[in-house]
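Engineer: In this note's numbering, the protein residues as written are 1 to 470.
What follows is a single structure, and I will ask about it in a moment.
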């Protein structure tokens, strides 16, 4: 295979010799590259069958690998991750922002890898992108699925201009222990409300045309039962019966699957003493066979690697268990990259199984329109009109107001009228950074105030507002 001959030459020969070798071998190396004509002239199945048929084993495994972006500055095309993309070792990139860098790395995938397979770009867009919305728990308090759908719709329209086409949202874990630190990311304790909101998130992100450049693929998380960890401690085991699991905790995940979610993320916890990332009952028996999910499954951040800490086994053993259980894509850990070829050579997995996982990744990219136009989600011109537009900001303010819940108003204290002094107590009350929520990584924090500042502004000079951290 001339492509791999080239890889060897690049490691052992001087740069000048590499250039000479490239000139001689390039036509044959890239003869099987994807073309627009091929994509448009064939059905989806015909195209993917043809592409799989000319992929090397290493390239198939590469499609299952989701690394972090690494250091792409100052030149994305000369970064370590670009080299891995060129060699066909990367199926997507996790949490990279900046349309210029994303486009540059997509150009590497399409123009410099052997087959020209585009990469999928995923990020945590959980409560808005440039326009920030309340945390999902607050949004659910409106009991308005249409508000959730609008938030997801605006989020998709914004982030899809900046190169991202896949979001690790919604988080739909039912949580009934307030000590768990991720309660704010879901809809709370009620399966019915959680199911309504889960479906609304999916509809908002994906709409009815996933290939449109204004929609993105959703990823429901964390499958499964993550919010029921013992003592509210993150990553702790979950101990419950299957009856309780299916009747209460599993319902929002199923609602997302029924709504057509394109991908599912595994969770860190154990269930029945088996880590969810290697749990065949969850991933195959329930998700695939009972619910009929046809999209792809991605691990959470290093979740396959963390199975070693659970005592499941070494790298090869946990990779085997996760793969056999139904995890298609390995986020960050690079365990599939290091183990699947060896497991295949040893006969512990089959190429048919590898093809099935790879196919699901290729189908997702096809459905997103990346084979037709790899750069469809890199649109700075649309971004100038879309990002933090007046309409988006107005929607954020309206939806935030509709999420407020008044617990009590003894003596008609509110609205504040005629008061002379107001005390505000709490560690976050005078913080700008915490006003936007935990997942609003791209919020423009300099453009709004904390609660204390806003109260002083709203109440005017005649009212004293005092603050204590508490």
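Even glycine gets a Cβ: it sits at the ideal position worked out from N, Cα and C.
Being a predicted model, the structure only gives us computed values, none of them experimental.
Just to confirm my understanding: we take residue 123, look at its own chain, exclude 5 residues before and 5 after, and list those with CB closer than 8 Å. What are they?
Structural biologist: If you number the chain shown from 1, residue 123 lands on position 123. Cβ within range, chain order: 94, 95, 96, 97, 159, 164, 166, 167 and 168.
Engineer: Could you spell out where the beta strand (DSSP E) holding residue 294 opens and where it closes?
Structural biologist: Locating residue 294 in the chain shown gives position 294, counting from the first residue. First-last for residue 294: undefined, no H or E at that position.
Engineer: Under a Cβ-count criterion, where at least 16 other Cβ atoms within 10 Å of its own Cβ denotes burial, should residue 396 be classed as buried or exposed?
Structural biologist: Mapped onto the chain shown, residue 396 falls at position 396. Burial check for residue 396: the Cβ neighbour count within 10 Å reaches 16 or more, so the residue is buried.
Engineer: Just list the beta strand (DSSP E) runs in the region 99-185, keeping only unbroken ones of 3 residues or longer that don't cross its boundaries, in chain order.
Structural biologist: With a minimum length of 3 residues, the continuous beta strand (DSSP E) runs that stay inside the region 99-185 are 120-123.
Engineer: Could you work out which residue in 68, 54 and 33 is closest to residue 113 when comparing CA atoms only?
Structural biologist: To locate residue 113, count along the chain shown from 1; it is residue 113. Checking every option, the nearest Cα to that of residue 113 belongs to 33.
Engineer: Which partner residues does residue 92 have in the DSSP bridge list?
Structural biologist: Working through the chain shown from its first residue, we reach residue 92 at position 92. In the DSSP output, where bridge partners are listed per residue, residue 92 has 120.
Engineer: Let me know if residue 290 comes out buried or exposed under the rule of 16 or more other beta-carbons within 10 Å of its beta-carbon.
Structural biologist: Working through the chain shown from its first residue, we reach residue 290 at position 290. Flag for residue 290 reads exposed.
Engineer: Can you look up residue 244 in the DSSP assignment and give me helix, strand or coil?
Structural biologist: Within the chain shown, the letter at position 244 stands for residue 244. Look at residue 244 here: in three-state DSSP terms it is helix.
Engineer: How is residue 25 classed by DSSP in three states: helix, strand or coil?
Structural biologist: Locating residue 25 in the chain shown gives position 25, counting from the first residue. With a pLDDT of 45 at residue 25, under the threshold of 50, the predicted position of this residue should be treated as unreliable, though the coordinate-derived value follows. Here residue 25 sits in helix by DSSP.
Engineer: Of the residues 330, 267, 125 and 101, which one's Cα is nearest the Cα of residue 439?
Structural biologist: To locate residue 439, count along the chain shown from 1; it is residue 439. Comparing Cα positions, the closest option is 125.
Engineer: Among residues of its own chain, excluding the 5 on either side of residue 504, which ones have a beta-carbon nearer than 6 Å to its beta-carbon?
Structural biologist: Examination of residue 504 is not possible in this model, given that the chain is present from 1 through 470 alone.
Engineer: With a threshold of 7 Å on Cβ separation, who are the neighbours of residue 292 within its own chain once the five nearest residues in sequence on each side are excluded?
Structural biologist: On the chain shown, residue 292 is found 292 positions in, with the first residue counted as 1. Answer for residue 292: no residue qualifies.
Engineer: Determine the extent of the beta strand (DSSP E) in which residue 265 is found, giving its start and end residues.
Structural biologist: To locate residue 265, count along the chain shown from 1; it is residue 265. That run of the beta strand (DSSP E) goes 263-266.
Engineer: Helix, strand or coil for residue 270? Go by DSSP, reduced to three states.
Structural biologist: For this step, residue 270 is matched to residue 270 along the chain shown. Residue state, collapsed to three classes: strand.
Engineer: Is it right to say residue 231 is buried, meaning 16 or more other beta carbons lie within 10 angstroms of its own, or is it exposed?
Structural biologist: Translated into the one-based positions of the chain shown, residue 231 becomes position 231. Residue 231 comes out exposed.
Engineer: Hey, is the region 204-220 in contact with the region 175-190, meaning 3+ C-beta pairs nearer than 8 Å?
Structural biologist: no
Engineer: Can you tell me the Cα-Cα spacing of residue 157 and residue 450, whole angstroms?
Structural biologist: For the purposes of this step, residue 157 is identified with residue 157 of the chain shown, where counting begins at 1. For the purposes of this step, residue 450 is identified with residue 450 of the chain shown, where counting begins at 1. Between the C-alpha atoms of residue 157 and residue 450 there is a straight-line separation of about 28 Å.
Engineer: Would you call the region 345-354 and the region 299-306 touching, i.e. three or more CB-CB distances under 8 Å?
Structural biologist: no
Engineer: Measuring CB to CB, does residue 115 end up less than 7 Å from residue 368?
Structural biologist: As a working mapping, residue 115 is identified with position 115 in the chain shown. As a working mapping, residue 368 is identified with position 368 in the chain shown. It is not a contact, given that the beta carbons lie outside the stated cut-off.
Engineer: If we count the other Cβ atoms within 10 Å of its Cβ and call it buried at 16 or more, is residue 325 buried or exposed?
Structural biologist: Locating residue 325 in the chain shown gives position 325, where the first residue counts as 1. So residue 325 ends up on the buried side.
Engineer: Considering only residues of the same chain and omitting the five flanking positions on each side of residue 177, which have a CB-CB separation below 7 Å?
Structural biologist: Residue mapping note: residue 177 aligns to position 177 of the chain shown, counting from 1. Here the set comprises 232.
Engineer: Report the residue from 137, 132 and 83 whose alpha carbon sits nearest the alpha carbon of residue 153.
Structural biologist: As a first step, residue 153 is located in the chain shown; it is residue number 153 there, counting from the start. Selected option, being the one with the closest Cα: 132.
Engineer: Are residue 429 and residue 452 close, meaning C-beta to C-beta below 7 Å?
Structural biologist: Here residue 429 refers to the residue found at position 429 when the chain shown is read from its first residue. Here residue 452 refers to the residue found at position 452 when the chain shown is read from its first residue. Yes, the Cβ-Cβ distance between residue 429 and residue 452 is below 7 Å.
Engineer: Residues in its own chain within less than 7 Å of residue 425 by CB, not counting five upstream and five downstream?
Structural biologist: Start at 1 with the first residue of the chain shown, and residue 425 comes out as number 425. Result list for residue 425: 468 and 470, in chain order.
Engineer: In whole angstroms, give me the CA-to-CA distance for residue 107 and residue 271.
Structural biologist: Here residue 107 refers to the residue found at position 107 of the chain shown. Here residue 271 refers to the residue found at position 271 of the chain shown. Straight-line Cα distance between these residues: approximately 42 Å.
Engineer: Just the C-alpha distance for residue 8 and residue 357, rounded to the nearest angstrom, thanks.
Structural biologist: By one-based count along the chain shown, residue 8 stands at place 8. By one-based count along the chain shown, residue 357 stands at place 357. In this prediction, residue 8 scores a pLDDT of 44, lower than 50, which makes its location untrustworthy; no coordinate-derived value is stated.
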